[in-house]
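Reading through the structure tokens given below for one structure.
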Amino acid sequence: MANTLTGLAPIIFEALDVVSRELVGFIPAVTRDTAADRAALGQSVNFPIVAPGTVADIAPAATGPTGNDTSAPAGTLTISKAKSTVFYLTGEDDLTLRQTSAKATLFKNAVAQGMRALCNLIELDLANAGINGASRAYGTAGTLPFGTAVDFSDFAQTRRILEDNGAPTSDLHLVMTNAVAANLRGKQSGLFKVNESGDTQFLRNGSLGQVEGMQLHQSGQLVLHTKGTGTSYTTNGSNGPGTVSIPIITGTNTVVAGDVVTFAADSNNKYMVNVGVAAPGTIVIGNPGLLVTVGATNAMTIGNNYTPNVAFDRQALVLACRAPAEPMGGDSAIDSMIVVDPVSGLPFEIRVYAQYHRVAFEIGMAWGTAAVKSNHIAILLS
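So for the sequence shown, our numbering puts the first residue at 49; every next one is plus one.
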């Protein structure tokens with residue numbers, strides 16, 4: 049069978065910049081596992097997580113130290129989505145379009161739109177993983193950060209959460225909404241005044257670059273978080289520093305993942321809910337858990353609706369991408385190829401299916417996302 053896609057490859061690659069694309073900030077900023085092997089929906093992908101080192105006294109001896117075994121238990125990520133977009137050309141379509149340049153244009157745009165749709169879904173999954181797997185939050189819900197000129201407090205305080213949690217600072221990222229990025233570009237003159245920033249990129253190109261050790265990105269998939277409907281909840285029992293599972297009683301209705309909660313005994317820290325409840329029960333907040341003791345019958349307050357901006361160390365969020373599974377011996381596809389999207393850097397599989405008086409083209413991918421270190425993720429509220 050002829051390699052249908054070989055002749056179309058130049059058109060495919062040309063296609064990738066011709067349609068509107070929402071900004072993807074998470075995809076290039078997270079840890080990515082894009083192995084070439086295929087994966088089935090529900091399949092697990094393992095990755096190593098090295099445990100903290102064990103400290104011991106130095107004891108002089110005739111031989112060198114034995115030390116402790118290094119523990120690197122495997123984290124598990126599930127391939128939770130396997131999706132594709134499909135378009136086709138009938139014989140009549142093909143004959144009509146071949147008489148003009150429209151066939152190449154239609155094919156280019158269809159490929160680009162397919163990748164766009166899939167990228168947006170993957171970006172949204174990463175955004176949700178970061179929001180629902182974060183440790184604490186900084187800022188005021190409903191108020192855009194960076195609104196005060198020449199004030200980098202929003203950078204500094206968000207970074208402080210990560211530093212207090214022990215996150216590495218060599219590969220930090222902050223993914224912002226377009227509205228927050230516009231506020232940054234419009235009001236922080238220290239970034240766009242060349243004599244202060246020492247660089248023309250922000251002023252001339254709008255390039256966000258790096259500020260206070262955080263690589264800056266924008267995402268079109270950071271949307272309003274609607275808080276749970278829970279009211280009148282209080283804590284049950286005494287919960288010491290480091291506690292992540294917190295029993296709550298007396299209240300009603302929902303506390304949902306992504307909610308920001310404070311406690312009467314610790315109103316200065318805004319904790320992120322990772323696992324919520326629909327009735328009195330036990331919520332789970334992100335590591336490293338409570339910073340102070342929160343005693344019994346301590347009132348819990350759920351913060352207002354907010355739009356998140358997510359700060360994290362690259363290793364805290366993981367994306368695994370695979371070509372979708374196919375049966376042994378293949379299916380009825382007459383050709384396939386892997387194409388890397390230059391906007392997101394993700395590899396997509398394009399497959400061609402010869403059908404009855406038409407040819408169908410499928411752009412597909414299987415993927416999974418996970419927040420694997422909540423103590424290395426913080427939210428900047430807006």
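Glycine included, each C-beta is placed from N, C-alpha and C at the ideal position.
Query, Result
"If you reduce the DSSP assignment to three classes, tell me which class I106 lands in.", "coil"
"For E260, collect the residues of the same chain with a Cβ closer than 7 Å to its Cβ; drop the 5 residues on either side in sequence, then sort them by chain order.", "F200, F203, A204, R207"
"So, for A109: in the same chain, excluding its five sequence neighbours on each side, which residues have a beta-carbon less than 8 Å away from its beta-carbon?", "none"
"How about T291 and G337: are their beta carbons less than 7 Å apart?", "yes"
"Check this for me: beta carbons of T310 and T349, under 7 Å apart or not?", "yes"
"Output the boundary residues of the beta strand (DSSP E) element that contains K235.", "That residue, K235, is in no beta strand (DSSP E); its alpha helix (DSSP H) goes 226-235."
"Going along the chain, which residues of its own chain have a beta-carbon closer than 8 Å to the beta-carbon of A227, five neighbours each way excluded?", "L192, T355, S430"
"Considering only C-alpha positions, which residue in the set K318, V323, A87 is nearest to M413?", "A87"
"Name, in chain order, the residues that DSSP records as bridge partners for N463.", "Past the boundaries of the shown model lies residue 463; the chain is included only from 49 to 430, so the question cannot be answered."
"Helix, strand or coil: how does DSSP classify N168 here?", "helix"
"So which of K131, V340, T82, A419 has the shortest CA-CA distance to P317?", "It should be pointed out that residue 317 corresponds to Asn in this sequence rather than to Pro. Measuring from the Cα of N317, the nearest candidate turns out to be V340."
"Let me check one thing: in DSSP terms, what residues is M413 bridge-paired to?", "K131"
"Using the rule of at least 16 other Cβ atoms within 10 Å of the residue's Cβ for burial, across every protein chain shown, is L272 buried or exposed?", "exposed"
"With I296 and I333 assumed to form a contact (beta carbons below 8 Å), what rounded beta-carbon distance in angstroms separates them?", "With 8 Å as the limit, I296 and I333 do not qualify as a contact, their Cβ atoms being about 11 Å apart."
"Around the Cβ of T417, are there at least 16 other Cβ atoms within 10 angstroms (buried) or fewer (exposed)?", "buried"
"Kindly indicate the opening and closing residues of the beta strand (DSSP E) around R399.", "395-403"
"Say the cut is 6 Å; is the CB of N352 nearer than that to a heavy atom of the ligand FMN?", "Among the ligands in the structure shown, none appear at all, so the ligand FMN cannot be discussed."
"Anyone know if the C-beta pair for A229 and Q266 falls short of 7 Å?", "yes"
"Out of N180, D314, A381, F155, state which residue places its alpha-carbon closest to the alpha-carbon of D307.", "N180"
"Out of curiosity, what's the CA-to-CA distance linking T302 and I398?", "43 Å"
"Measuring only the C-alpha atoms, how far is N322 from G178?", "10 Å"
"Measure the alpha-carbon distance for G246 versus T217 and round it to whole angstroms.", "Summary for G246: the model assigns pLDDT 43, below 50, so the residue's position carries little reliability; its value from the coordinates is reported in the next sentence. Taking the straight line joining both Cα atoms gives about 23 Å."
"Buried or exposed for M376, please, with buried defined as at least 16 other CB atoms from any protein chain shown within 10 angstroms of its CB.", "exposed"
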